[in-house]
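Remarks on the structure that follows.
Number of protein chains: 2
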Amino acid sequence: MTATSAFVTSLLTSFGIFCGLVFAFSILSKWKVNHNIYYSARITAGEGPTAAARTRNPFAWLREAIFTSDEELIRIAGLDSAIYLNFFVCILEIFGYSALFCIPVLVPIAARSRNNEAVFALDPNQTYEGFDNLAMGNVEEGTAKLWAFLVGTYWVSFVTYFVLVKHYKKMIRLRGKEQAREKAAPQQFSCLIRDIPPPPKGMTRREQVNAFFRKIHPDTYMNCLIVCKLNKLLRIWKKHQAAKRNLEHAEAVYEESKTTGKPDGTRPMHRLYFLGLCGPKVDSINFYEEQVREMASMVAVEQQRTLKEEQLPAAFVFFSSRRAAAEASQAVHAPYAMQWRVFPAPEPREVVWNNLHKPVYERMIRSGLVYFAVFMTVVFYMIPIALISSFTTLDNLVKILPFLEVVVNFGPINTVLQAFLPQIALIIFLSLLPSLLMAFSRMEGIPSQSHVVRAASGKYFYFVIFNVFLGVTLFGTVFSSLAGFQTLLNSKNFSVSSVVTLFGSKLPPVAAYFITFVALQFFVGYGLELSRVVPLSVYHLKRKFLCKTEKELEEAWEPGPFEYQTLVPNDILILMISMAYAVIAPMILLFAIVYFAIGYVVLRNQALKVYVPEFESGGRMWPHIHTRIVVALFIGQITMMGYMGIKKFPYAVLVIILPLFTIFFASMCKMNYYPSFNVMSLAIASEDVKESPPMREIIAAYTPECLVLEDQDVYESEHFEDARESSVSTRPMVISRSDSASHETTADLYAL
Amino acid sequence: MTATSAFVTSLLTSFGIFCGLVFAFSILSKWKVNHNIYYSARITAGEGPTAAARTRNPFAWLREAIFTSDEELIRIAGLDSAIYLNFFVCILEIFGYSALFCIPVLVPIAARSRNNEAVFALDPNQTYEGFDNLAMGNVEEGTAKLWAFLVGTYWVSFVTYFVLVKHYKKMIRLRGKEQAREKAAPQQFSCLIRDIPPPPKGMTRREQVNAFFRKIHPDTYMNCLIVCKLNKLLRIWKKHQAAKRNLEHAEAVYEESKTTGKPDGTRPMHRLYFLGLCGPKVDSINFYEEQVREMASMVAVEQQRTLKEEQLPAAFVFFSSRRAAAEASQAVHAPYAMQWRVFPAPEPREVVWNNLHKPVYERMIRSGLVYFAVFMTVVFYMIPIALISSFTTLDNLVKILPFLEVVVNFGPINTVLQAFLPQIALIIFLSLLPSLLMAFSRMEGIPSQSHVVRAASGKYFYFVIFNVFLGVTLFGTVFSSLAGFQTLLNSKNFSVSSVVTLFGSKLPPVAAYFITFVALQFFVGYGLELSRVVPLSVYHLKRKFLCKTEKELEEAWEPGPFEYQTLVPNDILILMISMAYAVIAPMILLFAIVYFAIGYVVLRNQALKVYVPEFESGGRMWPHIHTRIVVALFIGQITMMGYMGIKKFPYAVLVIILPLFTIFFASMCKMNYYPSFNVMSLAIASEDVKESPPMREIIAAYTPECLVLEDQDVYESEHFEDARESSVSTRPMVISRSDSASHETTADLYAL
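The listed protein sequences correspond, in order, to chains A and B.
The opening residue of the first sequence carries number 1 in full-length UniProt numbering; numbering runs sequentially from there.
The opening residue of the second sequence carries number 1 in full-length UniProt numbering; numbering runs sequentially from there.
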């Protein structure tokens with residue numbers, strides 16, 4: 001019974017840590033000095049901390065997190081966050097409704113059965129624990145009791161279908177409302193063009209694009225912006241920015257030194273080479289002033305050169321109405337569909353400039369190579385994880401490393417180690433992965449940051465499925481014994497049915513392991529997330545010792561956006577585990593509900609008060625999540641099929657209808673819902689617009705920061721006019737020219 | 001060596017039959033009385049027989065078939081036929097270039113090897129034949145000679161990629177030219193709308209569709225035509241048509257009787273019930289006149305009722321320009337993508353009216369059920385075919401049916417039976433299938449006839465792959481011995497690698513069987529096709545004994561269109577067999593080249609002179625064929641991998657690159673080429689139109705025949721005007737109103 005006590009210890013310890021962290025949060029978040037950390041989103045928006053910061057009620061934040069409306073959430077945190085949080089609601093509903101049947105019906109049936117006892121009596125090597133008695137494993141083979149579990153499988157499946165449809169409709173409503181806003185966004189008037197063929201002789205790229213689109217969209221095409229190769233410019237521009245920052249820092253240090261005793265202060269000095277550690281000493285302010293001047297002129301020269309010489313076969317094109325842009329973005333333009341590929345434009349802030357021009361062949365080859373690399377990563381990460389999972393029981397560890405025996409046999413340490421060791425190792429391994437996968441995804445040539453995030457999330461999901469879920473389940477048992485090793489070696493005898501059987505038979509024993517994993521993940525993870533102790537400490541240290549300027553201070557508490565690429569796959573892992581065990585070991589539903597409920601509250605608080613999204617993808621994460629929920633359901637159903645077979649239930653074959661229906665459901669969703677998230681439907685695009693950005697603002701938004709000229713307004717030049725004049729339409733122009741440009745751009749220089 | 005002599009007998013017999021049939025053709029086609037059969041397409045077009053009918057040269061038709069240009073072919077036989085015939089050119093090029101390497105290099109290598117002799121010496125039960133010595137099976141295991149076959153595999157693959165890309169470009173050019181014709185077709189201005197949601201209260205369907213599209217396409221939307229449920233009307237209408245035909249027939253009979261002795265003639269009489277065999281006798285002319293009158297009024301009443309009461313949630317909508325229709329057909333219109341689904345309109349003649357209104361859920365369920373039914377068909381057809389293929393050797397047949405021994409042992413019968421028996425059985429089985437698959441495909445809810453044909457062709461292809469190719473290959477050997485049976489029963493030990501190995505090892509022995517299959521198919525099949533002896537006999541019989549009116553005579557020789565649903569899968573079966581054996585037994589390439597060359601000439605002749613296409617799908621068969629060529633290549637590469645492994649060639653692993661590259665190639669084609677065949681690209685749609693049909697003609701074209709009113713022109717009614725007036729655009733209308741309507745329609749009644 002050590003595993004049960006280890007489980008309880010793990011649960012209690014994590015819960016203790018969680019309570020401590022929540023307590024810390026409710027104290028710390030009230031201190032004014034910490035508001036930058038706990039209310040960063042509101043401070044960024046210029047709104048200051050909420051009422052919760054001023055009351056003595058330690059749970060005021062909870063009320064705010066729960067009762068703020070979705071509309072308010074979208075206003076503050078954007079559609080992406082709102083959709084991510086609605087995903088929690090969706091999962092809570094699925095598990096809530098599932099539990100309504102599984103807990104009151106299935107758990108008592110299992111508890112009153114005696115299979116574990118019988119097996120235990122026959123084979124003293126088998127162990128079972130208190131928790132296992134509440135699971136399907138305790139039900140005798142082939143009895144009529146299994147009908148209840150069959151009904152349970154159907155119940156869980158249909159609850160899932162029902163809730164998914166309901167939430168998809170809600171998500172489409174939210175997205176549609178956001179898209180049809182009367183204040184239109186720049187991306188709604190734009191399309192991204194990739195794979196432009198080489199221009200005919202004697203024609204510039206700009207002329208080529210203009211000619212092509214003017215012919216096809218004579219009434220609605222307005223203008224275009226050719227993408228340039230920015231690498232070299234960006235390198236210089238970054239140096240320029242760094243020099244400016246250094247200058248500001250040096251000036252701030254000088255100012256600070258003045259306020260004390262000496263009214264003149266001491267001018268800061270630094271050494272030239274190797275992080276300011278060696279080389280001749282120079283006056284920092286003079287040095288950086290010189291550098292800023294020098295770099296500024298270099299940037300200006302390079303900007304001109306880039307615009308003229310570094311034009312690439314990609315462009316943004318702009319239309320006079322949302323409808324025209326939405327319609328153009330969905331149509332095949334060229335006879336060879338791989339030329340002039342048109343896409344809905346990503347939001348300006350999330351454009352990945354370096355990927356836009358990559359030709360489609362290159363993108364496909366890159367994708368192939370990246371998927372090969374991901375495959376290798378998944379396989380090679382599997383080896384350490386398989387080893388870890390064989391340490392799940394400390395006894396195995398001691399077998400391999402006998403010198404640990406003394407430590408391990410000391411009671412409390414034994415319990416704690418047994419509870420945490422494997423999970424912590426697993427978590428450390430997993431935490432190294434996301435940045436690798438983000439880099440992989442960026443290499444694929446994806447044009448927008450949100451898509452990169454989704455691609456990374458998808459890769460992480462494969463990883464999680466194969467390593468954590470399958471790896472722990474199958475290999476955990478395979479590596480724990482020599483016989484298991486042999487099974488692996490004899491894998492030539494593998495067949496689909498034997499995998500399903502193995503899958504079903506190996507799942508229940510690791511249920512307890514997964515529940516500890518879930519418990520650790522949610523209590524400690526969400527405690528850290530809410531209390532933000534790490535960012536808080538970093539912020540205070542930086543504030544004390546490093547930050548001199550206002551800007552530097554701001555950067556020290558800048559919260560950044562949600563990291564969906566790790567959040568989403570982890571949530572889906574928990575979802576998948578719970579889905580697979582929902583009927584086999586229904587108690588897991590309670591843990592899952594607590595996990596997602598705490599997650600919902602904590603992350604809603606963070607979305608409302610802490611994180612600041614960098615860009616808006618229009619909720620395109622939802623189809624990605626949705627597919628994976630359906631896959632989780634599918635795997636759960638397959639698992640049930642296998643497990644029913646092991647339990648020698650003659651009607652197990654009835655389960656086979658469910659995976660088939662899931663496939664039907666998935667293709668129905670793909671047809672009905674996913675297109676609405678890929679593109680803007682024309683019905684929505686045709687809604688009236690009251691306030692649309694003037695064309696110069698749209699172009700300015702799509703001009704990369706490093707191409708913005710500082711002291712020039714050459715927008716008014718004649719080159720830019722050529723495109724405008726020719727787009728004369730007999731209808732009143734929807735977009736009028738405005739004189740209040742947000743910032744000066746060199747967009748017209750593209751016309752050269 | 002019986003198999004070799006059987007093979008030669010088969011080849012010579014079929015060649016003899018073929019020569020006889022070609023001879024018959026060159027005689028018969030010159031007789032004037034047969035011109036309706038051999039030049040039906042030209043007579044339908046009002047052009048009369050070609051010069052070949054008048055010369056004494058028996059091969060004049062050959063010159064005409066080969067040297068007519070593609071442009072001329074498209075003009076006469078349409079794009080679909082031209083693309084089908086270009087498929088033959090494509091395959092000829094692939095096999096021609098492949099043979100350039102395989103025949104002069106691989107065959108001598110195989111011929112100079114001694115593996116078969118060695119195997120034969122060791123195991124007297126193994127037999128090998130003269131033909132087998134020219135194949136890879138004769139090469140010793142693990143020798144360096146296998147490098148040549150590896151190179152051969154690469155050669156064949158890259159030749160295929162190259163030729164496919166070249167021909168895809170050609171097909172796109174042909175299609176683009178046809179689409180961009182200055183004389184625009186009605187379907188280019190139309191979109192098909194399906195899954196229209198229920199109309200809001202107090203709105204007719206027509207108002208609903210008008211409101212929706214006018215909002216989204218204010219400048220270009222012109223009009224709509226709501227689809228009605230036609231079942232009941234069609235039943236009455238068909239009776240009406242039949243009565244009219246009967247009346248005409250009776251009048252013709254009466255006229256005929258006049259010309260002879262009696263100037264008054266005898267009025268034809270018939271009995272009322274059971275095919276005119278019992279019941280009271282009536283005067284046919286009076287009876288049918290009365291019936292025609294009666295049915296005409298019933299049709300008129302039912303037409304009005306159908307238009308008012310039987311409106312369905314599907315419609316055709318019409319736009320003012322090709323570009324607008326092309327653009328609209330590609331865009332998601334409604335927030336829920338499964339409502340208001342917009343498709344490019346099929347050509348008017350190929351619309352499957354009864355399928356248009358089927359809701360998308362129903363379509364998906366129907367597809368699922370149909371695919372299940374097809375699966376069952378494939379499986380249950382497999383059993384007889386597996387039995388047949390075990391009869392491939394007569395010895396097996398005698399083993400099972402010993403009483404045949406006397407017959408079979410008679411020399412000549414033995415040889416002929418050995419050569420033809422299994423193939424004839426196979427062909428009979430296969431000929432029953434196409435109409436079943438067409439019915440299945442129509443049940444899926446597909447909106448256009450050409451798509452039904454493609455769907456049936458796809459199903460036939462699955463069938464052909466699983467039964468003929470895999471069935472004969474695997475099960476042919478499995479069923480031929482008890483050990484094979486046991487292998488089948490122990491199929492739990494199946495794994496992917498064992499299937500590949502089995503596949504590779506079982507292929508070469510059945511090569512000869514397949515070559516006879518090919519030989520029979522092409523010589524006898526194409527001989528029959530060219531000589532048209534069956535339609536010719538039927539026509540002359542009908543002409544003599546049945547046909548009285550001009551119309552009936554015309555129907556007797558009406559040639560119909562190409563039956564792509566059987567032609568295409570059979571060609572692809574031959575292609576697939578040849579692709580799989582191209583390197584293993586290179587001699588098959590010669591047979592394949594002869595097959596496709598004869599097919600090309602014969603079918604080109606038929607396309608130019610005989611068959612009349614019923615509709616034009618714009619060459620959409622090509623992506624369908626293309627995918628299957630790529631699949632054939634893929635299967636060939638996998639086969640080579642298996643066979644190389646069997647030959648214990650250490651570098652067999654190098655072949656693995658090829659299937660991977662094929663997957664890459666397939667996805668490249670899917671992105672680059674297939675979209676151009678699904679939709680009309682905007683660049684092509686924006687080409688200038690000189691002659692576009694007036695809107696009333698477009699609407700008339702889309703009005704089902706049974707809804708055409710005979711004595712009324714209510715087109716001018718005010719109801720129709722409402723849609724037109726509201727679509728006032730400031731641009732000059734591309735479609736002007738014409739007063740020369742081709743036939744009167746009741747399209748306006750849709751407005752009620």
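Beta carbons: idealized from backbone N, C-alpha and C, even for Gly.
Just to confirm the assignment, what range does the beta strand (DSSP E) spanning residue i have?
| i | result |
| --- | --- |
| Y221(B) | Y221 to C228 |
| M269(B) | M269 to Y273 |
| F316(A) | Q311 to F319 |
For a quick check, are the C-beta atoms of residue i and residue j less than 9 Å apart?
| i | j | result |
| --- | --- | --- |
| L233(B) | Q311(B) | no |
| L590(B) | I76(B) | no |
| F463(B) | V568(B) | no |
| A580(A) | T639(A) | yes |
| F634(A) | A585(A) | no |
| Q565(B) | S157(B) | no |
| P346(A) | A325(A) | no |
| P447(B) | L230(B) | no |
| R173(A) | H357(A) | no |
| S692(B) | R322(B) | yes |
| I285(A) | E256(A) | no |
| L225(B) | V317(B) | yes |
Quickly, what does DSSP pair residue i with across the bridge? List them, please.
| i | result |
| --- | --- |
| R194(B) | R341(B) |
| E563(B) | Answer is none; E563(B) lacks a bridge partner. |
| Y691(A) | It is worth fixing the name first, because residue 691(A) is Glu in this sequence and not Tyr. According to DSSP, which records beta bridges pairwise, E691(A) is partnered with K183(A). |
List, in order along the chain, the chain B residues whose C-beta lies closer than 8 Å to that of residue i?
| i | result |
| --- | --- |
| N672(A) | Y336, A337, M338 and V360 |
| S686(A) | K215 and I216 |
List the endpoints of the continuous alpha helix (DSSP H) containing residue i.
| i | result |
| --- | --- |
| Q330(B) | No alpha helix (DSSP H) contains Q330(B), which DSSP labels as neither H nor E. |
| C547(B) | Careful: C547(B) lies outside any alpha helix (DSSP H) and carries neither H nor E. |
| P659(B) | I657 to N672 |
| V282(B) | Here V282(B) belongs to no alpha helix (DSSP H); instead the beta strand (DSSP E) covers C278 to D283. |
| A82(A) | D70 to F101 |
| G599(A) | M587 to K609 |
Whose Cβ in chain A lies nearer than 7 Å to the Cβ of residue i?
| i | result |
| --- | --- |
| A683(B) | I216, H333, A334 and P335 |
| F664(B) | M364 and G368 |
Give the residues of chain A in contact with residue i, contact being defined as C-beta atoms less than 9 Å apart.
| i | result |
| --- | --- |
| M668(B) | M338, V360, Y361 and M364 |
| G78(B) | Result: empty, since nearest Cβ-Cβ is about 20 Å, beyond 9 Å. |
Anything in chain A within Cβ reach of residue i, meaning under 8 Å, just list it in chain order.
| i | result |
| --- | --- |
| G599(B) | Those do not exist, as G599(B) stays about 29 Å from chain A at its closest Cβ, beyond 8 Å. |
| G645(B) | The premise fails here: G645(B) is roughly 15 Å from chain A at the closest Cβ pair, so nothing lies under 8 Å. |
What residues from chain B crowd round residue i, counting only those whose CB sits closer than 9 Å?
| i | result |
| --- | --- |
| S676(A) | V332, A334, P335, Y336 and A337 |
If contact means a Cβ-Cβ distance below 8 Å, which residues of the region 324-339 of chain A contact chain B? A326, E327, A328, Q330, A331, V332, H333, A334, P335, Y336, A337 and M338
Which residues, in order along the region 162-174 of chain B, keep a beta-carbon less than 7 Å from a beta-carbon of chain A? I172
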